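Asks: What follows is a structure written as structure tokens; I'll ask about it next.
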Amino acid sequence: MKEKRKMVLLLAVLAISPLAGSQTPIKSVDEQGNVTYSDQPVPEAVKTEVVPVQPGPSEEEVKAAKERLEKTEEMADEARKAREAREKEREEARKAAQAAKPDVVIIKEESGGYYPEYYNPPLITPGRPTKPIHRPNPSRPNPEHPAYRPPGTRPPTVRPPVAAPPTILPVPR
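Residue numbers (the working numbering): 103 to 275.
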């Protein structure tokens, strides 16, 4: 219903708009920069210009809009009637289903009133573990390989044994 009022109001505004558009609006700017729109130029205006106005809808456009409004209202009425018919059918089907339902007796076993009964599952102990298919064989790192030396160290070198300082032995006589 509100859409109908809106459309009627829109059509009324569109019908009156050609009368309002007969006067040309004038844009006037005064010394302070204030802009004024009116149908007559302001006497103290520094700048005045005529604002172009779009023409209103033609008679054919207004007539076409009215026809579209009528078609839309008819389609809305048909959709409303179809929806009401579907709702009525659903209500009748629901009532028929309720009448056809047998009386259902629910037997509820009491388990103390708070929680359902719980039975522990049987305890199953695991058997012996099986041997692994493949035994891991970690290889030992070779500390003599250059990749295993810390950075900045030199490789070990073979040095001759350090000779003991010479000692003076007594000469046998």
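Note that the Cβ used here is the ideal one computed from N, Cα and C, for glycine as well.
Note that the structure is predicted; figures quoted are calculated from it, not measured.
DSSP on Gly-123, reduced to helix/strand/coil?
Replies: Here Gly-123 scores only 49 on pLDDT, less than 50, and its place in the model is too uncertain to base an answer on.
Asks: Do you know offhand how far Val-137's Cα is from Lys-129's?
Replies: 7 Å
Asks: Taking the C-alpha atoms as reference points, what is the distance between Arg-182 and Arg-192?
Replies: 15 Å
Asks: Quick one, are the C-beta atoms of Thr-126 and Val-144 less than 8 Å apart?
Replies: Contact: no.
Asks: What does a CB cutoff of less than 6 Å around Lys-149 pick up in its chain, not counting 5 residues either side in sequence?
Replies: Cβ contact annotation for Lys-149 (same chain, cutoff 6 Å, sequence separation greater than five): Val-131, in chain order.
Asks: Could you tell me the boundaries of the beta strand (DSSP E) in which Val-137 lies?
Replies: 137–140
Asks: So what's Lys-106 in DSSP terms, helix, strand or just coil?
Replies: helix
Asks: Can you tell me where the beta strand (DSSP E) with Val-148 in it begins and where it stops?
Replies: That residue, Val-148, is in no beta strand (DSSP E); it is neither H nor E in DSSP.
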